[in-house]
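Engineer:
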Amino acid sequence: MADVLYRKYRPHTFAEIKGQSVTVSILKQAVATDKLSHAFLFSGPRGTGKTSTARVLAKAANCLHLKKDGDVCGECAVCKEIDNGSFPDLVEIDAASNRGIDEVRLLKEQVNFLPVRGKRKVYIIDEVHMMTKEAFNALLKLLEEPPTHAIFILATTEIHKVPITILSRVQRYDFMLAEQLELSAKLKMIADNEQVEVEDLVWDLIFQFSQGSFRDAETLLMKIMQLKSADGKVSVAEAESVLGVAPTTEVTSIAEALLRGHSVQEVMRTLNDFSSRGGNLVYLAKQIASHIRQGLVEEKEPISKRLSQVLNMLISIQSEAKFIDDVRMLWDVGLLKVFSELQPQMKGGGDAPKSDIPSQKGNMPSHSVKKTQVEQQPVQVSSSEVVQAGGQWEKFLLVARKVDLKLWTCLQGAIYDHERNVVVVPGSYAFEELQKDTMRGKLDKAANQIFGATISGIEMSKNAIMGESSNAELVESIL
Ligand SMILES: [Zn+2]
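No gaps in the numbering here: position 434 of the sequence shown is 434 in the numbering used here, and each next residue is one more.
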C-alpha cells in the first residue's frame with residue numbers, strides 16, 4: 001500500500017523533482033542544447049530520487065514534444081510508455097540482484113542494436129556498486145566506447161565502492177537528502193490530494209523519522225493516513241503511536257535510570273518492554289538526549305562524567321543505527337559501557353585499586369609472555385581498565401571497526417584471554433555472530449593484521465545471561 005503511494009506521487013517531469021534543483025537545472029540545460037553525455041552517475045542516500053530522475057532523463061532523451069527549457073512533455077507516447085514501464089528502449093538493471101554478471105553480458109551483446117522506437121537507448125543500472133569486478137570491467141569497456149545511440153545512467157548509494165576507472169568515465173551528480181520545508185510541502189500536497197487532514201506537528205515528526213528520504217517519508221505518511229478517523233483527520237498522538245514514539249513519562253524514567261540507576265538489567269527490561277510494544281529504539285535515543293539537554297539548559301541537571309557518557313552513548317546509537325539493523329545491540333553495547341564505569345563506585349564508593357599490569361588481560365597476544373607472579377594472584381582491576389587498557393587491543397578494535405562495523409560492535413565489552421588465545425564475549429548475540437564464517441573471517445583478518453595470528457576460539461562469558469552481564473562480571477569470570 002505504501003509502495004502504491006510512492007509510485008503514485010513519484011515525479012514524472014523535471015519540474016516535479018524536489019530537492020535536487022542544481023542537478024535538475026544542469027540536466028535540463030544539457031537536454032535543451034542537445035549536449036547529453038553518454039554516461040551519468042547518480043549518487044546519494046536511498047529515497048532521494050535517483051531512479052526517478054534517471055527515468056525522467058530517459059524520457060528527455062526520447063520525448064516527442066520536448067519543452068524549450070529541456071523538460072519532458074509528460075503526455076507523448078514515449079513519456080506514457082516510460083511511466084508504465086513498457087518503453088522498449090529503456091532497460092533497467094538491478095545490480096543488487098545477481099551482482100550484474102548476466103545483465104552486463106547481455107548488455108554487451110545488445111548494446112550495438114539500434115533503438116527500436118526512440119532516438120536513444122537508455123540503460124539504467126541501479127545499485128551499481130554491487131557489481132562484481134568482472135561486471136565492472138565489462139561495463140568499463142562499454143563506457144570507454146559507447147555507441148552513439150546509447151546512454152548509461154548508473155545509480156548508487158555507496159559511491160566509495162565504485163571503481164575510480166568507472167568514475168572517470170561518467171558525469172557525476174550527487175543527490176541530497178531533502179530539507180524539511182521541501183519534504184513537508186510534498187507530504188502536505190499528498191495528504192491534501194488524498195483528502196486527509198494532518199495536524200501540523202506530524203510533519204516535523206515524519207521529517208525526523210525519515211531523515212530527509214522522500215521514500216521513507218511517504219511510506220510513513222501512508223501508514224499514518226490509514227489511521228484517519230471518520231472525519232478524515234489524523235492527530236499527533238495517533239501519528240506517534242504509529243511511529244513508536246515513547247510517551248514523556250517513559251522517556252523521563254529511562255533517562256533517570258541511565259543517569260542515576262545502578263542496575264543495567266532494570267534499563268534492559270524497560271527497553272525490552274518498550275520495543276515489544278513497537279517502540280522505535282533509535283528515536284528513543286533522540287528523545288532521551290533531548291530530555292537531558294533540556295535539563296542542562298534549564299540547569300536542573302548537574303554536569304557529570306556519567307551524563308557525558310550517557311549522551312555519547314545516545315548520540316552513537318543514532319549515528320551507528322544508519323549502518324546496523326540491530327539497534328537493540330547498539331543499546332546493549334552502550335549500556336554495558338556506561339554501567340561498567342559505575343561498577344567500582346557501587347562496590348567501594350571510590351575508584352577500584354589500579355593494577356600495575358592492567359593491560360595483561362586486555363592485550364592481544366603475546367604468546368611469549370610468561371605467567372608472572374602478579375598475574376597468578378587475584379588482582380583487583382576495574383573493568384574499564386581491562387577493556388580499555390593496552391594499545392594493541394585498542395589498535396585491534398580500530399582495525400576491526402574498519403574491517404566491519406558489525407564486527408567492531410560484537411567486540412565491544414569483549415575480553416581477550418591471551419593464554420588460550422581466546423576472545424570472550426559478553427552476550428549470546430555477539431557470540432553467535434562471531435561463529436558465522438563471514439564474521440569469523442573478518443575477525444581473523446583484523447587479528448592477522450595486528451598480531452600476525454588468527455584467534456583460536458570464541459567463548460561466551462559464563463556470567464552472560466541473556467546478554468545482560470556487565471563488563472565487571474566478565475572480568476571476574478576470567479580472573
Ligand atoms: Zn513526451
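Ideal Cβ positions, reconstructed from N, Cα and C, are used throughout, including at glycine.
For Val-251, which option in Ser-210, Arg-293 and Thr-409 has the closest C-alpha, if you only look at C-alpha atoms?
Structural biologist: As a first step, residue 251 is located in the sequence shown; it is residue number 251 there, counting from the start. Selected option, being the one with the closest Cα: Arg-293.
Engineer: Is Leu-36 near Arg-169, with beta carbons less than 9 angstroms apart?
Structural biologist: Numbered from 1 along the sequence shown, position 36 holds the residue referred to as residue 36. Numbered from 1 along the sequence shown, position 169 holds the residue referred to as residue 169. No, Cβ-Cβ distance for Leu-36 and Arg-169 is not below 9 angstroms.
Engineer: Measuring alpha carbon to alpha carbon, tell me which residue in Thr-454, Gln-208, Ile-303 and Gly-413 is nearest Arg-260.
Structural biologist: As a position in the sequence shown, residue 260 is number 260, starting the count at 1. When each option's Cα is compared against that of Arg-260, the closest is Ile-303.
Engineer: Please classify Gly-457: does DSSP put it in a helix, a strand, or coil?
Structural biologist: For the purposes of this step, residue 457 is taken as residue 457 along the sequence shown, with counting starting at 1. Residue state, collapsed to three classes: strand.
Engineer: Could you check the C-alpha separation between Thr-13 and Cys-76 for me, to the nearest Å?
Structural biologist: In the sequence shown, counting from the first residue as 1, residue 13 sits at position 13. In the sequence shown, counting from the first residue as 1, residue 76 sits at position 76. Cα-Cα distance, rounded: 12 angstroms.
Engineer: Sort Asp-174, Gly-47, Val-282 and Ser-86 by Cα distance to Lys-487 and report the nearest one.
Structural biologist: Residue 487 lies beyond the range of the chain shown here (1 to 479); nothing can be said about it.
Engineer: Give every residue of the same chain whose Cβ lies closer than 7 angstroms to the Cβ of Pro-480, excluding the five residues on either side of it in the sequence, and list them in chain order.
Structural biologist: The chain is shown from 1 up to 479; residue 480 falls before or after that span and cannot be answered.
Engineer: Any heavy atom of ligand 3 closer than 8 angstroms to the Cβ of His-65?
Structural biologist: Ligand 3 is not among the ligands present in this structure, which contains only ligand 1.
Engineer: Are the CB atoms of Ser-21 and Asp-174 within a distance shorter than 9 angstroms?
Structural biologist: Mapped onto the sequence shown, residue 174 falls at position 174. Mapped onto the sequence shown, residue 21 falls at position 21. The answer is no: Cβ separation not under 9 angstroms.
Engineer: Taking a contact to mean a Cβ-Cβ separation below 9 angstroms, would you say Leu-154 touches Val-122 in this structure?
Structural biologist: Here the question's residue 154 lines up with position 154 in the sequence shown. Here the question's residue 122 lines up with position 122 in the sequence shown. Against a cut-off of 9 angstroms, the Cβ pair of Val-122 and Leu-154 comes out as no contact.
Engineer: From this set, Lys-300, Gln-226, Ile-17 and Arg-7, which residue's C-alpha is nearest Ile-185's C-alpha?
Structural biologist: In the sequence shown, residue 185 corresponds to position 185, counting from 1. It should be noted that the sequence gives Ala, not Ile, for residue 185. Of the listed residues, the one whose Cα sits closest to Ala-185 is Ile-17.
Engineer: Return yes when the C-beta of Glu-16 is under 8 angstroms from any heavy atom of ligand 1, and no when it is not.
Structural biologist: Position 16 of the sequence shown, counted from the start, is the residue given in the question as residue 16. Checking every heavy atom of ligand 1 against the Cβ of Glu-16, none is found closer than 8 angstroms.
Engineer: Quick one: grab the DSSP three-state call for Lys-108.
Structural biologist: Reading the sequence shown from its first residue, position 108 is the one you call residue 108. Helix at Lys-108.
Engineer: Can you look up Ala-257 in the DSSP assignment and give me helix, strand or coil?
Structural biologist: Within the sequence shown, the letter at position 257 stands for residue 257. The answer is helix: DSSP assigns Ala-257 an H, G or I state.
Engineer: Answer yes or no: the CB of Cys-76 versus the heavy atoms of ligand 1, is any distance below 8 angstroms?
Structural biologist: The sequence position of residue 76 within the sequence shown is 76, counting from 1. Checking the Cβ of Cys-76 against ligand 1 gives yes.
Engineer: Using a Cβ-Cβ cut-off of 8 angstroms (strictly less than) and excluding sequence neighbours within five positions of Ala-191, which residues of its own chain qualify?
Structural biologist: By 1-based counting over the sequence shown, the position of residue 191 is 191. Counting only Cβ-Cβ distances below 8 angstroms, and skipping sequence neighbours, we find Glu-197, Val-198, Leu-221 and Met-225.
Engineer: So is the beta-carbon of Lys-28 under 8 angstroms away from any non-hydrogen atom of ligand 1?
Structural biologist: Translated into the one-based positions of the sequence shown, residue 28 becomes position 28. The answer is no for Lys-28.
Engineer: Between Asn-363 and Leu-205, what straight-line distance do the alpha-carbon atoms span, to the nearest angstrom?
Structural biologist: Here the question's residue 363 lines up with position 363 in the sequence shown. Here the question's residue 205 lines up with position 205 in the sequence shown. A caution first: Asn-363 carries a pLDDT of 40, below 50, which makes its placement in the model too unreliable to give a value.
Engineer: Within the same chain, show all residues whose beta-carbon is closer than 6 angstroms to that of Val-31, passing over the 5 residues directly before and after it, in chain order.
Structural biologist: Here residue 31 refers to the residue found at position 31 of the sequence shown. Hits under 6 angstroms: Ala-60 and Gly-70.
Engineer: Let me make sure I understand the geometry here. Which of Gln-265, Val-236 and Phe-274 has the alpha-carbon closest to that of Thr-249?
Structural biologist: As a first step, residue 249 must be located in the sequence shown, where it is residue number 249. The shortest C-alpha separation from Thr-249 is found at Phe-274.
Engineer: Tell me where the alpha helix (DSSP H) around Lys-305 begins and ends.
Structural biologist: The residue labelled residue 305 in the question sits at position 305 within the sequence shown. Lys-305 -> alpha helix (DSSP H) spans 305-320.
Engineer: Confirm, please, whether the CB-CB distance from Phe-152 to Val-39 is below 9 angstroms.
Structural biologist: One-based indexing of the sequence shown puts residue 39 at position 39. One-based indexing of the sequence shown puts residue 152 at position 152. Checking the displayed sequence, the identity of residue 39 turns out to be Ala instead of Val. Yes, the Cβ-Cβ distance between Ala-39 and Phe-152 is below 9 angstroms.
Engineer: Following the continuous beta strand (DSSP E) through Lys-121, name the residue where it begins and the one where it ends.
Structural biologist: Walking along the sequence shown from the start, residue 121 turns up at place 121. Looking at the DSSP string, the run of the beta strand (DSSP E) that includes Lys-121 is 121-126.
Engineer: Given the structure, does Cys-79 come close to ligand 1, in the sense that its CB is under 8 angstroms from one of the ligand's heavy atoms?
Structural biologist: Indexing the sequence shown from 1 puts residue 79 at position 79. Indeed, a heavy atom of ligand 1 lies less than 8 angstroms from the Cβ.
Engineer: Report all residues from its chain with a CB closer than 7 angstroms to the CB of Asp-444; omit the five preceding and five following residues, and keep chain order.
Structural biologist: Here residue 444 refers to the residue found at position 444 of the sequence shown. Answer for Asp-444: Thr-454 and Ile-455, listed in chain order.
Engineer: Excluding five sequence neighbours on each side, which residues of the same chain lie with their C-beta closer than 7 angstroms to the C-beta of Pro-147?
Structural biologist: On the sequence shown, residue 147 is found 147 positions in, with the first residue counted as 1. Closer than 7 angstroms at Cβ, skipping near neighbours: Val-111 and Asn-112.
Engineer: Can you tell me where the alpha helix (DSSP H) with Arg-215 in it begins and where it stops?
Structural biologist: On the sequence shown, residue 215 is found 215 positions in, with the first residue counted as 1. Looking at the DSSP string, the run of the alpha helix (DSSP H) that includes Arg-215 is 214-225.
Engineer: Can you tell me whether Val-202 is helix, strand or coil according to DSSP?
Structural biologist: On the sequence shown, position 202 is the one that residue 202 refers to. Residue state, collapsed to three classes: helix.
Engineer: Classify Leu-114 as helix, strand or coil using the three-state DSSP reduction.
Structural biologist: Numbered from 1 along the sequence shown, position 114 holds the residue referred to as residue 114. Here Leu-114 sits in coil by DSSP.
Engineer: Can you tell me which of Gln-449, Ile-450, Asn-448 and Leu-411 puts its alpha carbon nearest to the alpha carbon of Ile-458?
Structural biologist: As a first step, residue 458 must be located in the sequence shown, where it is residue number 458. Ile-458 has its Cα closest to that of Leu-411, out of Gln-449, Ile-450, Asn-448 and Leu-411.
Engineer: Within a Cβ cutoff of 8 angstroms, which residues of the same chain sit near Arg-440, ignoring the five residues on either side of it in sequence?
Structural biologist: Here residue 440 refers to the residue found at position 440 of the sequence shown. So the qualifying residues of the chain are Leu-434 and Ile-458.
Engineer: Is any heavy atom of ligand 1 found at a distance shorter than 8 angstroms from the C-beta of Val-72?
Structural biologist: Position 72 of the sequence shown, counted from the first residue, corresponds to residue 72. Answer for Val-72: yes, Cβ within range of ligand 1.
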